[in-house]
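One structure is given here, and the rest of the page talks about it.
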């Protein structure tokens, strides 16, 4: 869920970036109000996300703007499909256009890339999840886009669970010692996940009774061997794979029998999709 205050704060900040000193072009060309419509149109295949932010941008700048959604969050659209329409003072639409599109293009890009990863693991029991590699300030927005693309959310923040990674292990003196210290501190309410990068760390993680074991940057052969061992020694443990997961490899990873595949690229490398805002004035519509 995106807190309303978070969306408002981000939108205000984004609008200020563009309009702190006004819009010299729009104010020079259109000194008087005029009625217009703006159609947000998909220029490529995409999964819809960011509709709420798109609306908030326009209504923040001009509460009299009318917003009509022509699609639903999570819907797959083809090139040329209408996403949404805004109607009102053309000056307001022109001023808010780029900011509104920036939000929606970025979030649709994340949802679209997530859908590609999810389709690549169809037929397996693995779930594609995101990471904390998100744009600062945008985490809730980007994680919602991942969900709209069919993926799942890993930790939202550092307080969600105990996740012992390579630097923690190095500083704590090994996997076993790190898990013991975490268990002593957290008790049972928080799950403990351990990242392992080799067979020695894997055996320690199993012996330490971690609830989740993350296989980091392992080859397919190494993942298969690790899954067999974990299922034999600790069948209740969830198995996660992370590290350099790509569309070309995620299917093979899923077929190893893992439970979770975390993909940082969903949020840190998603390409903004192509969406345009096509505008018409009332005069042009009547003509």
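Numbering (the working numbering), first residue to last: 1 to 287.
Ideal Cβ placement from N, Cα and C applies to all residues, glycine included.
Secondary structure of residue i, DSSP reduced to three states
| i | result |
| --- | --- |
| residue 280 | strand |
| residue 52 | helix |
| residue 85 | strand |
| residue 227 | helix |
| residue 36 | strand |
| residue 262 | strand |
| residue 184 | helix |
| residue 215 | strand |
| residue 66 | strand |
| residue 77 | strand |
| residue 246 | coil |
| residue 273 | coil |
| residue 10 | helix |
| residue 179 | helix |
| residue 201 | helix |
| residue 237 | coil |
| residue 152 | strand |
| residue 45 | coil |
Spatially closest choice to residue i from the options, by CA coordinates
| i | options | result |
| --- | --- | --- |
| residue 223 | 178, 209, 198 | 198 |
| residue 258 | 77, 244, 232, 215 | 215 |
| residue 35 | 208, 210, 90, 255 | 90 |
| residue 262 | 246, 269, 241 | 241 |
| residue 62 | 178, 243, 31, 96 | 96 |
| residue 248 | 121, 15, 238, 163 | 121 |
| residue 148 | 49, 103, 7 | 49 |
| residue 124 | 255, 264, 179 | 255 |
| residue 280 | 94, 23, 71, 44 | 94 |
| residue 236 | 221, 212, 226 | 212 |
| residue 135 | 267, 277, 278, 271 | 267 |
| residue 78 | 43, 23, 20 | 43 |
| residue 229 | 203, 251, 244 | 203 |
| residue 272 | 210, 70, 24, 113 | 113 |
| residue 37 | 260, 82, 4, 140 | 82 |
| residue 270 | 46, 88, 181 | 46 |
| residue 60 | 92, 29, 231, 31 | 92 |
| residue 54 | 141, 170, 175, 210 | 141 |
| residue 164 | 190, 119, 146, 143 | 190 |
Rounded Cβ spacing between residue i and residue j (contact assumed at less than 8 Å)
| i | j | result |
| --- | --- | --- |
| residue 98 | residue 18 | 6 Å |
| residue 41 | residue 100 | Not confirmed; about 13 Å, so no contact. |
| residue 131 | residue 251 | The pair is not a contact, with the Cβ atoms about 19 Å apart (cut-off 8 Å). |
| residue 162 | residue 193 | 7 Å |
| residue 220 | residue 253 | 7 Å |
| residue 175 | residue 225 | So it is not a contact: roughly 18 Å between Cβ atoms. |
Limits of the beta strand (DSSP E) - the one that residue i falls within
| i | result |
| --- | --- |
| residue 163 | 162-164 |
| residue 194 | 192-196 |
| residue 128 | 127-129 |
Rounded straight-line distance, which links the Cα of residue j to that of residue i
| i | j | result |
| --- | --- | --- |
| residue 287 | residue 13 | Unreliable placement is indicated for residue 287, whose pLDDT of 48 sits below 50; the coordinate value is still reported in the next sentence. C-alpha separation (whole angstroms): 38 Å. |
| residue 52 | residue 168 | 39 Å |
| residue 66 | residue 27 | 21 Å |
| residue 166 | residue 196 | 7 Å |
| residue 6 | residue 200 | 44 Å |
| residue 15 | residue 117 | 33 Å |
| residue 126 | residue 246 | 15 Å |
| residue 217 | residue 244 | 7 Å |
| residue 129 | residue 153 | 5 Å |
| residue 110 | residue 75 | 13 Å |
| residue 278 | residue 183 | 57 Å |
| residue 10 | residue 179 | 38 Å |
| residue 150 | residue 30 | 43 Å |
| residue 80 | residue 72 | 16 Å |
| residue 274 | residue 155 | 29 Å |
| residue 288 | residue 185 | The first residue shown for the chain is 1 and the last is 287, placing residue 288 beyond what the model contains. |
| residue 33 | residue 88 | 9 Å |
| residue 24 | residue 64 | 22 Å |
Extent of the continuous alpha helix (DSSP H) run through residue i
| i | result |
| --- | --- |
| residue 140 | 139-148 |
| residue 118 | 90-120 |
| residue 210 | No alpha helix (DSSP H) holds residue 210; DSSP gives it neither H nor E. |
| residue 20 | First-last for residue 20: undefined, no H or E at that position. |
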